[in-house]
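K.L.:
Under full-length UniProt numbering, the sequence shown is numbered contiguously, ending at residue 262. C-beta atoms are modelled at their ideal positions from N, C-alpha and C, and glycine is treated no differently. Treat the numbers as computed from the prediction; the structure is a model and nothing was measured.
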Amino acid sequence: MNLATATPSEVRQLIRKGEIDAQTSGMCNGYAQANMAVLPKDLAFDFLLFTQRNKKPCPVLDVTEVGSPVPKLVAPTADLRHDIPRYRIYRHGELTDEVTDVEKYWRDDLVAFLLGCSFSFEGPMLEAGLEVRHITDQHNVPMYKTNIECIPAGVFHGPMVVSMRPMKPADAIRAVQITTRMPFVHGAPIHIGDPEAIGIKDIDKPNFGERSEIKPGEIPVFWACGVTPQAVAMAVKPEFMITHAPGYMFITDVLNAELSIM
């Protein structure tokens, strides 16, 4: 099966069967992918408020009913316990497990948040003839913690995480034009150029994902990233939290075109 042209339900079935354990960039072209954060009900309102105050890194696509693993708005036949290739389990802010299925961790008091993902704007960028380096080189996108503090909400606070794609300056301008139309999947870049200006000391050592080569004549372009909730979890230390592993996203039934402002 060609994973780039497969439907989301086809790929989710393969993931559920354990036949796919790979980062999802480039899968199901044309369909939106999502970051996931799952928290106990007593923290859900604070987190929802946090997402509303920090829409660049945390654009909400769906929120589940308490205890339900079904994202009714974006993929009503899916099951969030099984349909992501790789998950991370946090306890008191510490990463304790990385697994391919979370059924045994699921609880009746959990609420799942699905947040827009930058993988969704990569399709339109490729269609416009722009190179996406981590797809070319077949590795996970590099992601970095920054010195940009999110707006606090309730117990939640912490730094914004960004993803980076190296580009020629002219291509960066085109990328800004394309992604500005897609605010539900992070929208326009939050920074272009000098990494140290946003607190990144070594561009070759991402906090998440893998290094991308920046070639002569290219500049780094940074977008707000849905891995931000994981950085927030490390700062806030909730007693329990489930997330996707960075780069291993949930693939929705929503077309990217539905999330674009024309």
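#1: Near D97, what residues of its chain come up, given a Cβ to Cβ distance below 6 angstroms and the 5 sequence neighbours on each side ignored?
#2: Taking the alpha carbon of L39 as the reference point, which residue from E122, V111, I151 has its own alpha carbon closest?
#3: Let me know if M125 comes out buried or exposed under the rule of 16 or more other beta-carbons within 10 Å of its beta-carbon.
#4: In the structure shown, what three-state DSSP assignment does V11 receive?
#5: Is the distance from the Cβ of G247 to the Cβ of S25 below 9 angstroms?
#6: Which runs of the beta strand (DSSP E) at least 3 residues long sit entirely within the stretch 46 to 107? Give them in chain order.
#7: Give the straight-line distance between the Cα atoms of L14 and M27, rounded to the nearest whole angstrom.
#8: For L77, count neighbouring Cβ atoms within 10 angstroms of its own Cβ and tell me buried if that reaches 16, exposed if not.
#9: Out of R107, T5, K55, A128, state which residue places its alpha-carbon closest to the alpha-carbon of F184.
#10: For D109, which residues in the same chain have their Cβ closer than 8 angstroms to its Cβ, ignoring the five residues on either side in sequence?
#11: Got a sec, what are the start and stop residues for the beta strand (DSSP E) D253 sits in?
#12: By the three-class DSSP mapping on this structure, what secondary structure does M125 have?
#13: By the three-class DSSP mapping on this structure, what secondary structure does T228 have?
#14: Which partner residues does A34 have in the DSSP bridge list?
#15: On the DSSP bridge list, what partners appear for F222?
#16: Which first and last residues belong to the alpha helix (DSSP H) in which T180 is found?
#17: Hey, how far is the Cα of P189 from the Cα of F250?
#18: Using a 10 Å radius around the Cβ and a threshold of 16 neighbouring Cβ atoms, would you call P216 buried or exposed?
P.N.:
Put simply:
#1: As a working note, residue 97 is residue 97 in the sequence shown. Contacts found: I89.
#2: In the sequence shown, the residue the question calls residue 39 occupies position 39. The closest CA to that of L39, considering only E122, V111, I151, is found on V111.
#3: Here residue 125 is taken as the residue at index 125 of the sequence shown, counted from 1. M125 should be labelled buried.
#4: Start at 1 with the first residue of the sequence shown, and residue 11 comes out as number 11. DSSP places V11 in helix when its eight states are reduced to three.
#5: Working through the sequence shown from its first residue, we reach residue 247 at position 247. Working through the sequence shown from its first residue, we reach residue 25 at position 25. Cβ distance < 9 angstroms, so G247 and S25 count as in contact.
#6: 60 to 63, 87 to 91, 94 to 99
#7: Looking up residue 14 in the sequence shown gives position 14. Looking up residue 27 in the sequence shown gives position 27. Cα-Cα distance, rounded: 12 angstroms.
#8: Counting from one through the sequence shown, the residue named residue 77 turns up at place 77. The sequence shown places Thr at residue 77, not Leu. With fewer than 16 Cβ atoms within 10 Å of its Cβ, T77 is classed as exposed.
#9: Within the sequence shown, residue 184 is the residue found at index 184, counting from 1. Nearest C-alpha to F184: K55.
#10: Here the question's residue 109 lines up with position 109 in the sequence shown. Closer than 8 angstroms at the Cβ level, and outside the excluded window around D109, lie P40, K41, D42, V66, G67.
#11: Along the sequence shown, one-based indexing puts residue 253 at 253. Unbroken beta strand (DSSP E) run through D253: 250 to 255.
#12: Residue numbering aside, residue 125 sits at position 125 when the sequence shown is read from its first letter. If DSSP states are grouped into helix, strand and coil, M125 belongs with the helices.
#13: For the purposes of this step, residue 228 is identified with residue 228 of the sequence shown, where counting begins at 1. If DSSP states are grouped into helix, strand and coil, T228 belongs with the helices.
#14: In the sequence shown, residue 34 corresponds to position 34, counting from 1. Answer by DSSP bridge pairing, in chain order: G116, F250.
#15: Walking along the sequence shown from the start, residue 222 turns up at place 222. DSSP output for F222 lists M164, H191 as bridge partner(s).
#16: For the purposes of this step, residue 180 is taken as the residue at position 180 of the sequence shown. 169 to 180 is the span of the alpha helix (DSSP H), which, as asked, contains T180.
#17: Sequence index remark: in the sequence shown, residue 189 carries index 189 (1-based). Sequence index remark: in the sequence shown, residue 250 carries index 250 (1-based). Cα-Cα distance, rounded: 22 angstroms.
#18: As a first step, residue 216 is located in the sequence shown; it is residue number 216 there, counting from the start. By the Cβ neighbour-count rule, P216 is exposed, with fewer than 16 other Cβ atoms within 10 Å of its own.
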